[in-house]
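Protein chains: 6
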Amino acid sequence: MSSHTELGVAVKNIPRADSAVVDGLGKMGAATVHEAQGRSGQLDTGIRPIQQDVCISGSAVTVLAQPGDNWMVHVALELCEPGDVLVVTTTSPNSDGFFGDLLATSAMAAGVRGLVIEAGTRDTVELRKMGFPVWSRTVSIKGTVKNTLGSVNVPIVCAGQYIIPGDVIVADDDGICVVPRTRAESVLAAAEARIGNEAETRQQLADGVMGLDIYDMRTRLEEAGLRYLDSAEDLE
Amino acid sequence: MSSHTELGVAVKNIPRADSAVVDGLGKMGAATVHEAQGRSGQLDTGIRPIQQDVCISGSAVTVLAQPGDNWMVHVALELCEPGDVLVVTTTSPNSDGFFGDLLATSAMAAGVRGLVIEAGTRDTVELRKMGFPVWSRTVSIKGTVKNTLGSVNVPIVCAGQYIIPGDVIVADDDGICVVPRTRAESVLAAAEARIGNEAETRQQLADGVMGLDIYDMRTRLEEAGLRYLDSAEDLE
Amino acid sequence: MSSHTELGVAVKNIPRADSAVVDGLGKMGAATVHEAQGRSGQLDTGIRPIQQDVCISGSAVTVLAQPGDNWMVHVALELCEPGDVLVVTTTSPNSDGFFGDLLATSAMAAGVRGLVIEAGTRDTVELRKMGFPVWSRTVSIKGTVKNTLGSVNVPIVCAGQYIIPGDVIVADDDGICVVPRTRAESVLAAAEARIGNEAETRQQLADGVMGLDIYDMRTRLEEAGLRYLDSAEDLE
Amino acid sequence: MSSHTELGVAVKNIPRADSAVVDGLGKMGAATVHEAQGRSGQLDTGIRPIQQDVCISGSAVTVLAQPGDNWMVHVALELCEPGDVLVVTTTSPNSDGFFGDLLATSAMAAGVRGLVIEAGTRDTVELRKMGFPVWSRTVSIKGTVKNTLGSVNVPIVCAGQYIIPGDVIVADDDGICVVPRTRAESVLAAAEARIGNEAETRQQLADGVMGLDIYDMRTRLEEAGLRYLDSAEDLE
Amino acid sequence: MSSHTELGVAVKNIPRADSAVVDGLGKMGAATVHEAQGRSGQLDTGIRPIQQDVCISGSAVTVLAQPGDNWMVHVALELCEPGDVLVVTTTSPNSDGFFGDLLATSAMAAGVRGLVIEAGTRDTVELRKMGFPVWSRTVSIKGTVKNTLGSVNVPIVCAGQYIIPGDVIVADDDGICVVPRTRAESVLAAAEARIGNEAETRQQLADGVMGLDIYDMRTRLEEAGLRYLDSAEDLE
Amino acid sequence: MSSHTELGVAVKNIPRADSAVVDGLGKMGAATVHEAQGRSGQLDTGIRPIQQDVCISGSAVTVLAQPGDNWMVHVALELCEPGDVLVVTTTSPNSDGFFGDLLATSAMAAGVRGLVIEAGTRDTVELRKMGFPVWSRTVSIKGTVKNTLGSVNVPIVCAGQYIIPGDVIVADDDGICVVPRTRAESVLAAAEARIGNEAETRQQLADGVMGLDIYDMRTRLEEAGLRYLDSAEDLE
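Protein chains in written order, with this note's numbering: chain A, 357 to 592; chain B, 357 to 592; chain C, 357 to 592; chain D, 357 to 592; chain E, 357 to 592; chain F, 357 to 592.
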């Protein structure tokens with residue numbers, strides 16, 4: 357496979373991760389998944405949710421769109437399956453509102469779980485009411501035209517991450533993480549291991565045990581040369 | 357009329373659109389109004405509401421202020437009528453908090469419906485409690501002085517749009533649109549026509565009919581050269 | 357004291373303002389405190405709360421961290437006392453998620469009232485549920501390492517303000533203000549005076565009295581040369 | 357005239373200011389012209405020249421283009437006359453390269469003096485060699501399509517200023533100022549008066565006379581309450 | 357190949373395009389190459405050259421670095437061959453100065469043609485004097501540490517483009533374009549074809565022939581509905 | 357000393373570092389000085405020089421100005437001595453042109469070596485011709501008023517650094533570094549030591565010796581777990 361992004365094509369069939377794995381990653385949350393896969397896969401922090409307290413996961417159906425033109429989103433919707441997440445980027449930066457309540461109605465009918473878009477969305481009040489979650493860079497009243505081809509289900513770079521159709525998207529209030537499809541299962545296992553460890557730690561911290569002790573940091577801090585001073589008067 | 361923006365003047369009487377038209381536009385929402393007037397009139401997407409789920413419309417009372425100086429907002433309030441919206445810009449970019457709960461109290465007493473400001477606001481908790489809606493670029497604790505003249509009710513550029521006093525402002529969660537006063541009636545008619553068409557479309561989409569079919573896109577996509585591929589293996 | 361910021365040190369004991377003064381400032385809100393101390397002390401408006409309708413005050417425990425490294429936050433927590441606020445900056449701009457629900461658990465156990473950070477936070481859903489308030493520049497799923505020393509309780513510049521450990525932080529929905537510890541008492545007095553004056557003014561404004569009259573602005577406006585025009589036709 | 361911006365039109369004939377006045381303004385420089393017309397007319401500081409040490413003036417031929425589409429620039433070139441300056445904006449923010457050496461060749465053949473664009477340019481090496489000056493927000497290798505209509509010679513907002521075709525543009529290393537056509541003559545007179553005053557002042561300053569004395573600021577500073585302290589020890 | 361980016365590895369041998377092809381692309385310039393490969397491959401416009409009038413091409417040796425840590429650049433230099441271009445990105449946004457005159461000395465000794473970095477550089481005066489070209493997001497005096505592993509010669513996303521080691525980089529004053537290695541030859545052919553066509557067009561334009569005629573746009577404009585108006589009075 | 361920034365004062369006498377030390381630091385360059393003082397003191401990278409190939413050092417005369425108001429710069433000039441550098445910040449972000457050729461004439465007459473300003477400058481062509489170097493955030497044609505007091509020679513935060521009057525400023529093409537006055541001598545010594553070490557290293561690197569060997573990195577890389585792979589096929 358070349359890293360070339362072909363324009364004017366729509367790939368109908370894409371491989372997807374096992375649905376239990378996809379759902380399992382969604383229960384972990386984006387930050388845990390990011391950590392579990394070796395601190396990689398984070399989309400740019402400028403992509404923000406339009407809603408609160410929602411976490412989704414799904415298989416990426418990718419859209420490469422032209423600025424100000426959402427034609428390819430329509431093409432993509434027909435290729436979606438239940439459990440998918442639309443992931444949209446543009447060939448150059450654009451803030452227009454590519455997506456609104458009508459497209460969301462269609463997406464929900466197809467079982468799409470949400471939208472991640474490196475551009476703008478609109479109808480945010482209705483989208484929240486409908487329960488269709490969106491992560492976007494902007495909110496914009498400016499709609500789009502349907503004039504120029506892009507592509508559907510080709511590998512794209514969206515918000516700084518390379519995303520292959522069928523990769524797993526995990527998105528919540530904290531941001532978005534992409535997990536390569538072929539690693540989804542092992543990342544889920546690593547994430548579950550992390551979650552398991554946290555419960556006991558949380559209780560200890562709540563009881564006032566210092567993280568310095570729980571994580572055994574004191575020796576390393578000393579080795580690194582940290583000097584404790586009694587007061588500001590001891591500063592150079 | 358010249359495009360010159362005079363400083364040091366306050367125009368007392370401005371023409372306003374018919375109140376039924378203004379109110380009608382407010383029921384359409386900013387995105388629909390933007391579309392209905394030929395996709396124009398959008399204010400910059402960086403101006404964001406401090407509240408959720410509020411849509412207003414009103415006649416623009418314009419303020420050209422100096423950076424860090426809200427003197428002209430006080431002058432403007434005396435010239436407002438019920439149904440107006442304050443629209444404030446500055447002579448150079450400024451993030452200070454020009455507007456807070458005291459000014460909002462005064463504005464509400466005058467029947468002002470809201471504020472759109474290419475600068476900052478403060479007292480956001482109180483403003484939300486009072487139900488006085490604000491769209492601003494920043495939220496800032498820094499108040500302003502009252503030292504240098506600007507103007508009231510002169511044509512201004514605010515957030516990328518040219519706004520003549522009396523133009524109609526429609527603002528909601530998605531953003532802000534300005535409608536020239538002289539076009540308000542025809543834009544309302546166009547917007548109402550759009551809304552009417554959407555109900556049936558929405559039902560079809562909810563039933564799973566593809567937008568590609570409803571909007572008859574398949575032929576155009578084919579003419580534009582879209583190629584459907586069975587799988588990623590068919591990519592170049 | 358030099359303005360030099362020493363790396364690799366942690367100061368154990370810092371002076372704090374009287375707790376009644378700290379709490380009193382918290383009742384005033386950040387904007388009033390900013391105004392009361394002569395319109396100074398505002399942190400950059402890009403630092404935003406992750407929650408709504410929360411106002412805190414506390415004594416600053418300062419952290420100078422390396423980009424992508426929250427080791428010093430762990431060191432700082434051990435040095436916190438009830439009523440403190442963590443104030444974290446980095447040696448160069450960084451958007452990573454330095455702080456999450458585990459650190460918040462530890463912080464709450466220590467009586468820390470909140471976090472102000474010139475970087476990112478994560479676990480925002482949990483933090484809101486726990487009631488631990490945070491003001492940050494970004495929200496990010498990317499965690500941090502624990503490899504390189506910074507300092508704790510040294511003077512820092514955070515979001516454009518110079519902050520000495522023990523200075524008082526006031527943070528709410530509108531932003532953040534720092535009050536030098538040695539001025540906290542006099543600033544509180546000035547703030548209380550301001551608040552007292554506002555009640556009557558608010559009632560007058562609600563009754564429709566013009567701010568132009570309450571603040572006696574008409575003469576100054578005339579002296580400054582403001583010209584009232586009857587209509588736009590009178591513009592140059 | 358309405359503030360409505362019509363799409364799909366090209367106005368063939370526009371009024372222009374007297375060429376001696378246009379040229380005269382070009383000799384003043386953008387900052388002096390801005391000051392002379394009452395500190396108004398400044399385009400956003402983010403629009404920067406791609407060359408150094410060039411100052412131009414000319415009559416604005418305006419282009420409202422769609423994002424990523426420079427079709428209207430081609431239409432505009434046919435309507436240009438010697439002494440014009442192309443002023444291009446887009447219906448939503450766009451960074452693409454709308455203009456390169458081929459368009460510049462055509463523009464120079466038509467006597468166009470330069471380009472001001474709220475978007476991107478390319479072929480900057482060639483443009484500098486050709487001596488065709490450009491002020492743009494970005495430099496971008498991404499070319500544009502020719503698919504969607506905008507307008508030529510309609511009033512536009514470009515970089516925060518309202519510009520009517522035929523208004524005078526003055527652009528140099530410091531930025532860009534627009535002068536309404538109807539005020540061009542009076543602004544030139546005011547600018548010339550300013551320039552005249554500066555020579556003597558400059559000599560005095562070079563001789564070490566303080567601006568405080570030349571501009572007679574000492575009394576006003578005292579009235580404003582400025583306190584001179586002998587040393588930092590006298591600070592509060 | 358998975359889209360997973362592995363940390364802690366350095367790949368010693370990478371495939372490279374034919375050197376004649378690489379050099380040929382460098383003669384075309386970034387904008388022409390971008391156009392020739394179907395308007396794809398553009399790196400973000402915020403990455404700017406520190407020098408003027410320089411165009412390079414080369415095979416990408418990729419570096420994935422940690423914020424504020426240039427250790428992997430040292431590792432990469434040993435793996436470079438004459439004709440390579442260093443392409444550096446970080447795991448989260450960082451503005452530090454990763455590269456200066458010492459690294460440039462080493463790079464030039466290895467035959468490296470330049471650096472493209474989604475972060476900062478320093479010693480810009482010396483780099484210009486040495487003739488080592490750099491494209492970076494920032495210029496920064498802040499050096500970096502050498503503490504945490506990243507990777508060398510793994511696929512990366514740099515400035516919005518997915519870059520596989522051995523892909524061809526073309527960078528000049530207008531920006532940067534990446535060409536997938538496997539397409540380099542065909543893109544070069546397409547670029548050469550474009551260049552050939554331009555000479556005649558340029559002469560016609562210089563002679564005053566309208567682009568509207570050369571590119572045969574008049575019919576399409578008419579079909580699209582462009583209306584020519586005699587004057588502004590004919591606007592709606 | 358409190359961290360309070362008093363408004364409305366001008367401190368006449370400030371301590372300055374030994375002029376030989378100040379000049380010595382200027383010969384080191386900003387990046388070397390930054391490194392020599394423990395990687396601290398860097399001003400924000402967004403403050404850029406308007407000229408190339410200039411390095412200055414000097415004693416900071418600080419100005420805290422109001423947005424859009426350069427009155428305090430006039431006050432400051434009278435308090436400057438030969439060898440000083442003006443360092444200007446504003447009470448909230450502002451892009452206006454605070455400084456032009458007249459002020460530069462006065463500054464040069466007083467022996468001032470340059471200007472560092474967290475705001476805008478103008479007359480950049482003339483300033484370059486005069487040889488008066490400026491580092492600013494913006495270039496702007498918009499002049500300023502002289503209406504509201506700030507302060508001169510009080511401690512300020514400028515571009516993210518706390519600067520006490522008399523601290524040493526080193527500024528060049530790469531950026532700006534502030535050295536606390538009381539540390540100037542020791543920082544100079546450390547910087548000179550660094551420079552001395554570099555000559556030999558540079559020669560080795562030019563001869564093709566790897567930095568990995570010169571800096572003895574191979575063992576540490578191995579300990580950190582770096583794995584060399586023969587080719588991309590060995591990636592996970």
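Note that CB positions come from ideal geometry on N, CA and C, so glycine has one too.
#1: Along chain D, in chain order, which residues have C-beta atoms closer than 7 Å to that of A:ASP452?
#2: Taking the alpha-carbon positions, what's the D:GLY456 to D:VAL481 distance?
#3: Considering only C-alpha positions, which residue in the set C:SER496, C:ASP529, C:LEU505, C:GLY516 is nearest to B:THR494?
#4: Taking 7 Å as the threshold (beta carbon to beta carbon), is A:SER587 in contact with chain C?
#5: Using CA coordinates, which residue listed in A:THR361, A:ILE370, A:VAL378, A:GLU362 is at the minimum distance from A:VAL535?
#6: Helix, strand or coil, according to DSSP, for E:THR447 in the structure here?
#7: Are B:ALA460 and B:PHE488 touching if we call contact CB-CB under 7 Å?
#8: Quick one: does D:LYS368 have its CB under 7 Å from some CB of chain E?
#9: Specify, as a first and last residue, the run of the alpha helix (DSSP H) that E:GLU548 falls within.
#10: Here's a check: name, in chain order, each residue in its chain whose Cβ is nearer than 8 Å to the Cβ of A:GLU548, leaving out the five neighbours to either side.
#11: Assuming A:ASP530 is part of the alpha helix (DSSP H), what are its boundary residues?
#12: Taking DSSP as the reference, what is the three-state secondary structure of B:ILE473?
#13: List the DSSP bridge partners of B:ASP572.
#14: Kindly list, in the order they appear in chain C, the residues whose Cβ is closer than 7 Å to that of F:THR361.
#15: So, are the CB atoms of D:GLY531 and D:ARG469 less than 7 Å apart?
#16: With a threshold of 7 Å between beta carbons, is B:ILE519 in contact with chain C?
#17: Residues of chain E with CB under 7 Å from C:THR504, in chain order?
#18: Hey, does A:SER358 have any beta-carbon neighbour from chain E nearer than 7 Å?
#19: Using 10 angstroms around the beta-carbon of B:ALA555, count the other beta-carbons present and answer buried if the total reaches 16, otherwise exposed.
#20: What does DSSP give as the partner residue(s) for F:LEU585 in the beta ladder?
#21: Given that a residue counts as buried once 16 or more other Cβ atoms are within 10 Å of its Cβ, and exposed if not, what is A:PRO371?
#22: Taking DSSP as the reference, what is the three-state secondary structure of E:ALA373?
#23: Taking the alpha-carbon positions, what's the D:HIS430 to F:ARG558 distance?
#24: Is any beta-carbon of chain G found at less than 7 Å from that of B:SER492?
#25: Please list the partners that B:GLY516 has in chain D, where partner means a Cβ-to-Cβ separation under 8 Å.
#26: Are the stretch 386-393 of chain D and the stretch 503-520 of chain D touching, with three or more C-beta to C-beta distances below 8 Å?
#27: Straight-line CA distance for D:THR446 to E:SER375?
#28: Quick check: what's the CA-CA separation for D:LEU585 versus F:ALA416?
#29: Strictly below 9 Å CB to CB, what residues from chain C border A:LEU544?
#30: What residues in the stretch 413-424 of chain E bring their beta carbon closer than 8 Å to a beta carbon of chain C?
#31: Can you find a CB in chain C that lies within less than 7 Å of the CB of B:ALA465?
#32: Spell out whether any CB of chain B is found under 7 Å from the CB atom of C:HIS390.
#33: Whether or not the stretch 395-413 of chain E and the stretch 421-438 of chain E are in contact is what I'm after, with contact meaning three or more pairs of Cβ atoms, one per stretch, closer than 8 Å; do they touch?
#34: At 3 residues or longer, and completely inside the stretch 456-527 of chain E: list those beta strand (DSSP E) runs for me, N to C.
#35: In or out: D:MET357 buried (at least 16 other Cβ within 10 Å) or exposed?
#36: Can you tell me whether C:ASN450 is buried or exposed, with buried defined as 16 or more other CB within 10 angstroms of its CB?
Walking through what the data contain:
#1: SER448
#2: Looking at the two C-alpha atoms, the distance is approximately 10 Å.
#3: Ranking C:SER496, C:ASP529, C:LEU505, C:GLY516 by Cα distance to B:THR494 puts C:ASP529 first.
#4: By the rule that beta-carbons nearer than 7 Å mark a contact, A:SER587 touches chain C.
#5: A:VAL378
#6: coil
#7: yes
#8: It does: the Cβ of D:LYS368 has a partner Cβ on chain E nearer than 7 Å.
#9: E:GLU548: member of the alpha helix (DSSP H) spanning 540-562, first to last residue.
#10: GLY380, MET384
#11: Element bounds for A:ASP530: n/a, residue is neither H nor E.
#12: DSSP places B:ILE473 within a strand segment (E or B) once states are collapsed to three.
#13: BP columns for B:ASP572 are empty, so no partner.
#14: SER396
#15: Going by C-beta atoms, D:GLY531 is not nearer than 7 Å to D:ARG469.
#16: no
#17: VAL501, ASN503
#18: Legend: pLDDT at A:SER358 = 45, less than 50; position of this residue unreliable, value from coordinates given subsequently. So, interface residue.
#19: exposed
#20: E:VAL367
#21: Flag for A:PRO371 reads exposed.
#22: coil
#23: So the two alpha carbons sit approximately 53 Å from each other.
#24: The structure shown has no chain G; the protein chains it does contain are A, B, C, D, E and F.
#25: VAL513, GLY516
#26: no
#27: For D:THR446 and E:SER375, the distance between alpha carbons rounds to 41 Å.
#28: Answer to the nearest angstrom: the Cα atoms are 17 Å apart.
#29: Near A:LEU544 there are no residues of chain C at all, since even the closest Cβ is about 16 Å away, more than 9 Å.
#30: Residues of the stretch 413-424 of chain E with a Cβ closer than 8 Å to any Cβ of chain C, in chain order: GLN422, PRO423, GLY424.
#31: yes
#32: Chain B contact via Cβ: present.
#33: no
#34: 470-477, 490-495, 512-514, 517-519
#35: Note that D:MET357 has pLDDT 38, beneath the 50 cutoff, so the model's placement of it is unreliable and the number below is only indicative. By the 10 Å Cβ count, D:MET357 comes out exposed.
#36: When all chains shown are included, C:ASN450 counts as buried.
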